[in-house]
Every structure is written in C-alpha cells, then in structure tokens.
Amino acid sequence: MSTSRFTFVVCLLTCLLNRSTCTEVTAEYGEDVILHCHSPRDADIEMLEWIKPDLNSDDYVFFFRENHRYDDYQHPSFHGRVTLRDPTMKDGDASVILKNVTMKDAGTYQCYVGKRSSQHSKRSVPELMNTITLKVEEPKPEHKVVKVKSGDTVTLPCRGFSSSPVTAVEWIRPEMEQAGYFYLSQDGRFVPDGQHPYGKGWVELKDTEMKDGDASLILKNAMPVDSGTYHCYVSQGTNRKKRDTDRPISIINLTVEPGHSEL
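Quick note, the sequence shown lines up with residues -22 to -1, 1 to 241 if you use mature numbering (1 follows the signal peptide of the UniProt record, and there is no 0).
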C-alpha cells in the first residue's frame, strides 16, 4: 500500500470515529485549491480552526474567532495564502482557499468548527468537521529547443508557475553540474561562489527583479561550446533556499551553430 493511500485510510478511520467527513483532493502545483468544510446550516460559527497535523507545530493553517481572523497564530508557510471561500460563512460554509500550492502543502488538513452557544459564559469546544488528504502533482517541465549562431546573444526562457515573487532561481547544465551551477540567484542577489567557469561573466537574468515569475537567462556571445541542455529551477513564495521540486520547470536544448568566420 502506498504512503498516500495508507494516510488516507488512517484519516478515514479517524473520521468514522469522530463522525466527521473525510475527503481526498488532488491539485496541480501552482494552482489554488478549495479545502471544503461545512457545519450545520443553522449553526452560528464562533470559531474556526484549520490545522495540518504533520506540521509538528502549534501554529494554524487558518484561525478565526468572533468575526476576526488571527494571522499571528498562523504558520509562516501559509501567510497570505489562505482565505475564507465565503467571508460571511453563510449556511455554515467554513471552506478555505489555499493559494499557489507547492509540494510541501501535500498532507492532511483538519477543519474544526466551534458553534456559538446560547450560554454566553461558556466558550464552545470546536468539533472536527472534515479531514482532507491533499495530494499535489509535480509540475511537468516545459521543453524548448533554441538554435542560434555563434556570437549571438540568446535568451533561455524560464517562468515560474505563478505570479508569486521568485525567491531563488538556479540554472544548471546537468552534464557539468558537479563543477558548479551555471547561474544562481537568492533573495534577489546573484551568488558568484560556486558558479561554473563557462557561466562567469557571460550570463545574467533577463529581469533582475523577476517580475511575474520571469526567471529567463541571457547568454551573451554564444559559442558552439555552449551547446547543450540547460535546466531551470525556481523557488517561489516562502521557500527561499531550496528548490520547490526535484524537477526543473524549464528544460532548454541549446544549439549554437558556427558563424561564417568559423566555417
């Protein structure tokens, strides 16, 4: 039995014991996903807690109490990414929208709802309403073939999966990766240490601010020795150091043909 299937079975048993619902949701990397949760229609929701048990933290995915959301209680990885589907929670709709999902968002989510009590002196105890197992599919890299003449300036295209700020971009040539990366930028700064000699002084970002997720690379004065495969890895959102996935988001096959002077 696969790990994801085992996790879902465990969640299902938990739901049966708690008389709550249990669902499985699959999302594509970079898209927005709705995590569904509903309480009885006639319930006046006083408290809403969305948690992710495998965070190993007391912080919440989303916390709402007495008509206010509390971002201070939220886990840093979810800051600015979770909103109520219906801010009024009409008909008991306590669903939330999780924006720009990444591989790290996969896992189990639980929704607890506390209903307003007629006895104002007592605070309601939140009840488990729904358990969701979220699966995130890894993105498929974009493949492109680029052909130029020797001496040309060439752009190697690469764009993130969303408009979220790019916190890191790494370009490599797989056949030369052991000797260093081709280009690396973290937190808006070029990192020269560890750069492969073939990249030094010859490459730069098309847009240093990487607006709208544009992490394209410019290679100046291309030569036949530059022919080969280039992989682009991008990190967006809260992930500042590590690649979001083990797969590149862009694969470029570059061919630099000799110029007339080299024929």
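Every residue gets a Cβ at the ideal spot worked out from N, C-alpha and C, and that includes glycine.
For this session: My understanding is that Val123 touches Met188, with C-beta atoms under 8 Å, so please give their C-beta distance in whole angstroms.
Result: Their Cβ separation, rounded to whole angstroms, is 24 Å, which puts Val123 and Met188 out of contact at 8 Å.
For this session: Would you mind giving the Cβ-Cβ distance between Thr111 and Glu27, rounded to the nearest angstrom? I have them listed as a contact below 8 Å.
Result: About 18 Å; that fails the 8 Å criterion.
Problem set entry | Local conformation of Lys113 per DSSP, three classes | strand
For this session: Count the other CB atoms, across all protein chains shown, that sit within 10 Å of the CB of Phe115; report buried if there are 16 or more and exposed otherwise.
Result: In the sequence as presented, Phe is not what sits at residue 115; that position holds Glu. Exposed: under 16 other Cβ atoms inside 10 Å.
Problem set entry | Identified DSSP bridge partners for Cys210 | Trp149 and Ser228
For this session: Starting from the C-beta of Ala200, find all residues in its chain whose C-beta is less than 6 Å away, skip the five residues before and the five after it, and write them out in chain order.
Result: Val126, Asp130, Val132 and Val234
Problem set entry | For Gln156: DSSP bridge partner residues | Bridge partners of Gln156: none, in fact.
Exercise. Between Asn78, Thr186 and Pro202, which lies nearest to Val11 when the distance is taken from Cα to Cα?
Worked result: Asn78
For this session: Determine the contact status of Val60 and Ala146, defining contact as a CB-CB distance below 9 Å.
Result: no
Exercise. Helix, strand or coil for Phe41 per DSSP?
Worked result: strand
For this session: List the DSSP bridge partners of Thr1.
Result: Ile110
Exercise. Can you give the Cα-Cα distance for Glu6 and Glu120, rounded to whole angstroms?
Worked result: 15 Å
For this session: Look at the Cβ atom of Glu24, then the Cβ atom of Gly70, and state whether they are nearer than 9 Å.
Result: no
Exercise. Are Gly237 and Met154 close, meaning C-beta to C-beta below 9 Å?
Worked result: no
For this session: Please report the Cβ distance between Cys(-1) and Met107, rounded to the nearest whole angstrom; I am assuming they are in contact, meaning their Cβ atoms lie under 8 Å.
Result: Contact flag wrong, Cβ pair sits at about 11 Å.
Problem set entry | Burial state of Arg19 (16 or more Cβ within 10 Å) | exposed
Exercise. According to the neighbour-count rule (16 or more other Cβ atoms, all chains shown, within 10 Å of its Cβ), is Ala157 buried or exposed?
Worked result: exposed
Exercise. Tell me which same chain residues have a C-beta within less than 6 Å of the C-beta of Phe56, skipping the five on either side of it?
Worked result: Val39
For this session: Specify, as a first and last residue, the run of the beta strand (DSSP E) that Lys82 falls within.
Result: No beta strand (DSSP E) holds Lys82; DSSP gives it neither H nor E.
Problem set entry | Own chain, CB closer than 6 Å to Gln164, minus 5 neighbours either side, in chain order | Ala146
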